[in-house]
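Enquirer: Residue numbers (the numbering used here), protein chains in the order written: chain A, 966 to 1210; chain B, 8 to 294.
Virtual Cβ for every residue (Gly too), placed ideally from N, Cα, C.
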Amino acid sequence: MTTFLKLAGAATLAATFAATAVSAETIRMGTEGAYPPYNFINDSGEIDGFEREVGDELCKRAGLECTWVTNEWDSIIPNLVSGNYDTIIAGMSITAERDEVIDFTQEYFPPDPSAYVALSGAGMDVKGGVVAAQTATIQAAYVAESGATLVEFATPEETVAAVRSGEADAVLADFAYLKPIVDASGGELTIVDDSVSIGGGVGMGIRESDGELKAKMDAAIASMKADGTLSDLIAKWFDGRMVKF
Amino acid sequence: MFEFCADPKSLEGFVWWSCYLTNGKHMAFYFSFITVLSLLLFTVPLIMALGFAGALARRSQIAPVRWFGWIYTSMVRGVPDIIFFLFALIALDQGIEYLRHVALCPDWSEPIRQGNDFRVCPEAKMPLGTAPQWIHEIYGFVLAAVGFGIVFGAFAANTLYGALNAVPHAQLETGVAYGMSPRQIFRRIHLPQMWVYALPGLSNLWMILIKATPLLFLLGVEDVVYWARELGGSKTAIFDYPHGDWRLGYFLVLLVFYLLLTWVSEKAFGRLTAWVSRGQATVGGTT
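1. Give me the chain A residues within the contact set of residue 237 (chain B), using Cβ-Cβ distance strictly less than 9 Å, ordered along the chain.
2. Are the CB atoms of residue 91 (chain B) and residue 156 (chain B) within a distance shorter than 9 Å?
3. Among the residues of its own chain, which have a CB less than 8 Å from the CB of residue 1147 (chain A), if the five just before and after it don't count?
4. Take residue 37 (chain B) as the anchor and find which of B:134, B:114, B:232 has the nearest alpha-carbon.
5. Fully enclosed by the stretch 1095 to 1153 of chain A, which alpha helix (DSSP H) runs are 4 residues long or longer?
6. Just tell me which of B:149, B:204, B:26, B:173 has its CA closest to the CA of residue 249 (chain B).
7. Check for me: the beta strand (DSSP E) holding residue 1004 (chain A) runs from which residue to which?
8. Is residue 1133 (chain A) closer than 9 Å to residue 240 (chain B) when the C-beta atoms are compared?
9. Using a beta-carbon distance below 9 Å, is residue 1048 (chain A) in contact with chain B?
10. Listed in chain order, which residues of the stretch 1136 to 1166 of chain A have Cβ atoms closer than 8 Å to some Cβ of chain B?
11. Around the Cβ of residue 82 (chain B), are there at least 16 other Cβ atoms within 10 angstroms (buried) or fewer (exposed)?
12. Can you tell me whether DSSP reads residue 1000 (chain A) as helix, strand or coil?
13. From B:238, B:220, B:23, pick the residue whose C-alpha is nearest to that of residue 230 (chain B); which is it?
14. Residue 1079 (chain A) lies in the beta strand (DSSP E); which residues open and close that run?
15. Since residue 1126 (chain A) meets chain B, which of its residues come closer than 9 Å, beta carbon to beta carbon?
16. Which two residues bound the contiguous alpha helix (DSSP H) that contains residue 153 (chain B)?
17. With distances taken Cα to Cα, identify the nearest neighbour of residue 1131 (chain A) among A:1143, A:1141, A:1120, A:1116.
18. Is there contact between the stretch 1169 to 1185 of chain A and the stretch 1014 to 1029 of chain A, where contact requires at least three CB pairs shorter than 8 Å?
19. Is residue 229 (chain B) helix, strand or coil by DSSP?
20. To which residues of the same chain is residue 1051 (chain A) closer than 6 Å at the C-beta, ignoring the five residues directly before and after it?
21. By how many angstroms is the C-alpha of residue 200 (chain B) removed from the C-alpha of residue 270 (chain B)?
22. So which residues on chain A does residue 248 (chain B) lean against when the C-beta distance must stay under 9 Å?
23. Give me the Cα-Cα distance between residue 286 (chain B) and residue 203 (chain B), rounded to the nearest whole angstrom.
24. List the endpoints of the continuous alpha helix (DSSP H) containing residue 1032 (chain A).
25. For residue 1068 (chain A), which three-state DSSP category applies?
26. Apply the 10 Å Cβ neighbour rule to residue 259 (chain B) and answer buried if 16 or more other Cβ atoms are within range, or exposed otherwise.
27. List the residues of chain B that residue 1174 (chain A) touches, going by C-beta distances under 7 Å, in chain order.
28. Contact criterion: CB-CB distance below 9 Å. Does residue 110 (chain B) meet it with respect to chain A?
29. Using a Cβ cut-off of 9 Å (strictly closer), state whether residue 1035 (chain A) contacts chain B.
30. Can you list, in chain order, the residues of its chain with a C-beta nearer than 7 Å to that of residue 106 (chain B)? Leave out the 5 residues immediately preceding and following it.
31. Quick check on residue 1191 (chain A) - is its C-beta less than 9 Å from some C-beta in chain B?
32. Just checking: is the beta-carbon of residue 221 (chain B) within a distance shorter than 9 Å of some beta-carbon in chain A?
33. How many angstroms separate the CA atom of residue 1007 (chain A) from the CA atom of residue 84 (chain B)?
34. Pick out whichever of A:1042, A:1173, A:1047 has its Cα sitting closest to the Cα of residue 1054 (chain A).
35. Are residue 1070 (chain A) and residue 1163 (chain A) touching if we call contact CB-CB under 9 Å?
36. Could you check what DSSP says for residue 126 (chain B) in three-state terms: helix, strand or coil?
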């Protein structure tokens, strides 16, 4: 009888453990996986980059278990809203327009100027020519208003390829994304203008109804800012860039 | 993959290529070919089943069943695929979650629709938020298969409906004259003769289905085209294997893959056509 009771007790304990294990919250982190150094698929086929490291650290500090998923940029907000994942951590600038649909945490990356990149020696007029930008980005909206002809592409990679092939005269994107590409092009590409200030800092997108998760992430970002880990990570991934929070 | 791949930046020539082509990302690319082929194999029975159901519904003696068949074939064929995949399948997904929500969380007080947000209780999530990624992938795959099944099933229904109507009436009357029951006539005469008329349409459908797999990415299933684009894009020094814009090369590989698939399909359909034509009173059958 005692053995039986012991066994029963052990079983109940195990069941309680199992229940707690299941209820430990799992957060699905949605990213694009095509925007180095923010986020990209590395050569092992895993999601890597600045945001991967920041995201994993944030989850650790907030006591959450996180899994990573990729989603096309174009449908990244609709899929968050319909609940396929719980956060967007994809180099997304905080804008008033997006803020109407989703909520943002405080920024984990400061406002980054956008840059125009063109073929070297093309003598490009960024207000009059054909400019490539990724669909549904702040840059696409900016080009459309600037008077230049906008051509949109689904992925950042294609916007740069369009400049190389001559389909577009220039590309407008985040400076941090374009800089390594220009450096690696061996003089083929050049930065025409790197001082276009549009959009706020980069924040994590969260459903408006998910206030609890937003509060947790906000607190984790604040703690990463306070002890300097965020600045270190920015320096690591963005060519030694110094940011003070 | 190999021992000597530990430091990719120091490699050159053949060794570089052998490491590059076997890294994790390429393995995912190769695996996506299997994903695409298995999706095709998985959907074909579904398409044929829905096609037959639709065709028979349209020929039904019962008016509501006939209307249903008609509505299915005309509506689904009329809606653009991309819209169908974006809306109907997301609606299906949310419908499943809603039903689970009602069943599993009767005490939940918050509304499901909060502004733009669709929120069910965590227990009703499909699959569960805690489920490992591969379960999410399988779920996406099944959803994709069902989506393809419904869309292409409507086209197949129309083809089969037309083929059933194309069988000469005299053939069926002969069956009656021999004293066969309607079921026997259908199974022994109508159905076997129908295939000759249905196969060209079905083979068209198959060829279109083969090429429609990039639609899968809308549902988060990473198919061959996604990986070819991802791998072919130029890579800066942040990657282990930096290279320029190699998309042309990768798309050429896809071209070869699709041409091979077409060639095999053509052969198979040629044999199938010869087989169903044998002994038929058609031009194809008498040669």
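Expert: Taking the structure as given:
1. Taking the first residue of the second sequence as position 1, residue 237 (chain B) is located at position 230. Going along chain A in sequence order, the residues near residue 237 (chain B) (Cβ under 9 Å) are 998, 999, 1006, 1120, 1122.
2. In the second sequence, residue 156 (chain B) corresponds to position 149, counting from 1. In the second sequence, residue 91 (chain B) corresponds to position 84, counting from 1. Contact flag unset, no.
3. What you label residue 1147 (chain A) is simply residue 182 of the first sequence in a count that begins at 1. For residue 1147 (chain A), where only same-chain residues beyond five positions count, the Cβ hits under 8 Å are 1082, 1154, 1155, 1156.
4. Position 30 of the second sequence holds residue 37 (chain B). Measuring from the Cα of residue 37 (chain B), the nearest candidate turns out to be B:232.
5. 1103 to 1111, 1121 to 1130, 1140 to 1149
6. One-based indexing of the second sequence puts residue 249 (chain B) at position 242. Closest by alpha carbon: B:26.
7. Sequence index remark: in the first sequence, residue 1004 (chain A) carries index 39 (1-based). Element bounds for residue 1004 (chain A): 1004 to 1006.
8. In the second sequence, residue 240 (chain B) corresponds to position 233, counting from 1. In the first sequence, residue 1133 (chain A) corresponds to position 168, counting from 1. No, they are not a contact pair.
9. By 1-based counting over the first sequence, the position of residue 1048 (chain A) is 83. It does: the Cβ of residue 1048 (chain A) has a partner Cβ on chain B nearer than 9 Å.
10. 1145, 1146, 1148, 1149
11. Position 75 of the second sequence holds residue 82 (chain B). Exposed, because fewer than 16 other Cβ atoms sit within 10 Å of the Cβ of residue 82 (chain B).
12. In the first sequence, counting from the first residue as 1, residue 1000 (chain A) sits at position 35. Strand, per DSSP.
13. On the second sequence, residue 230 (chain B) is found 223 positions in, with the first residue counted as 1. Cα-wise, what sits closest to residue 230 (chain B) is B:220.
14. Here residue 1079 (chain A) is taken as the residue at index 114 of the first sequence, counted from 1. Residue 1079 (chain A) -> beta strand (DSSP E) spans 1079 to 1084.
15. Counted from its first residue, the first sequence places residue 1126 (chain A) at position 161. Simply 240, 241, 252, 254.
16. Locating residue 153 (chain B) in the second sequence gives position 146, counting from the first residue. 140 to 173 is the extent of the alpha helix (DSSP H) around residue 153 (chain B).
17. Within the first sequence, residue 1131 (chain A) is the residue found at index 166, counting from 1. Looking at the Cα atoms, A:1116 is the closest of the given residues.
18. yes
19. Here residue 229 (chain B) refers to the residue found at position 222 of the second sequence. Looking at residue 229 (chain B) - three-state DSSP - the assignment turns out to be coil, as it is neither helix nor strand.
20. One-based indexing of the first sequence puts residue 1051 (chain A) at position 86. The answer, listed in chain order, is 992, 993.
21. Within the second sequence, residue 270 (chain B) is the residue found at index 263, counting from 1. Within the second sequence, residue 200 (chain B) is the residue found at index 193, counting from 1. Cα-Cα distance, rounded: 26 Å.
22. For the purposes of this step, residue 248 (chain B) is taken as residue 241 along the second sequence, with counting starting at 1. Here the neighbours are 1008.
23. Taking the second sequence and counting its residues from 1, the one referred to as residue 286 (chain B) is at position 279. Taking the second sequence and counting its residues from 1, the one referred to as residue 203 (chain B) is at position 196. The alpha-carbon atoms of residue 286 (chain B) and residue 203 (chain B) are separated by roughly 11 Å.
24. In the first sequence, residue 1032 (chain A) corresponds to position 67, counting from 1. Segment 1030 to 1035 is the beta strand (DSSP E) holding residue 1032 (chain A); no alpha helix (DSSP H) there.
25. For the purposes of this step, residue 1068 (chain A) is identified with residue 103 of the first sequence, where counting begins at 1. The answer is strand: DSSP assigns residue 1068 (chain A) an E or B state.
26. Counted from its first residue, the second sequence places residue 259 (chain B) at position 252. Residue 259 (chain B) should be labelled exposed.
27. Walking along the first sequence from the start, residue 1174 (chain A) turns up at place 209. Here the neighbours are 121, 124, 126.
28. Position 103 of the second sequence, counted from the start, is the residue given in the question as residue 110 (chain B). Cβ-Cβ to chain A under 9 Å: no for residue 110 (chain B).
29. In the first sequence, counting from the first residue as 1, residue 1035 (chain A) sits at position 70. Answer yes: the Cβ-Cβ gap between residue 1035 (chain A) and chain B drops below 9 Å somewhere.
30. In the second sequence, counting from the first residue as 1, residue 106 (chain B) sits at position 99. No residues qualify anywhere along the chain.
31. Within the first sequence, the letter at position 226 stands for residue 1191 (chain A). Cβ-Cβ to chain B under 9 Å: no for residue 1191 (chain A).
32. If you number the second sequence from 1, residue 221 (chain B) lands on position 214. Not one chain A Cβ lies under 9 Å of residue 221 (chain B).
33. Residue 1007 (chain A) sits at position 42 when you count from the first residue of the first sequence. Residue 84 (chain B) sits at position 77 when you count from the first residue of the second sequence. Each residue's alpha carbon lies about 40 Å from the other.
34. Numbered from 1 along the first sequence, position 89 holds the residue referred to as residue 1054 (chain A). Among A:1042, A:1173, A:1047, the Cα nearest to that of residue 1054 (chain A) belongs to A:1042.
35. As a working note, residue 1070 (chain A) is residue 105 in the first sequence. As a working note, residue 1163 (chain A) is residue 198 in the first sequence. Going by C-beta atoms, residue 1070 (chain A) is not nearer than 9 Å to residue 1163 (chain A).
36. Translated into positions along the second sequence, residue 126 (chain B) becomes position 119. Coil, per DSSP.
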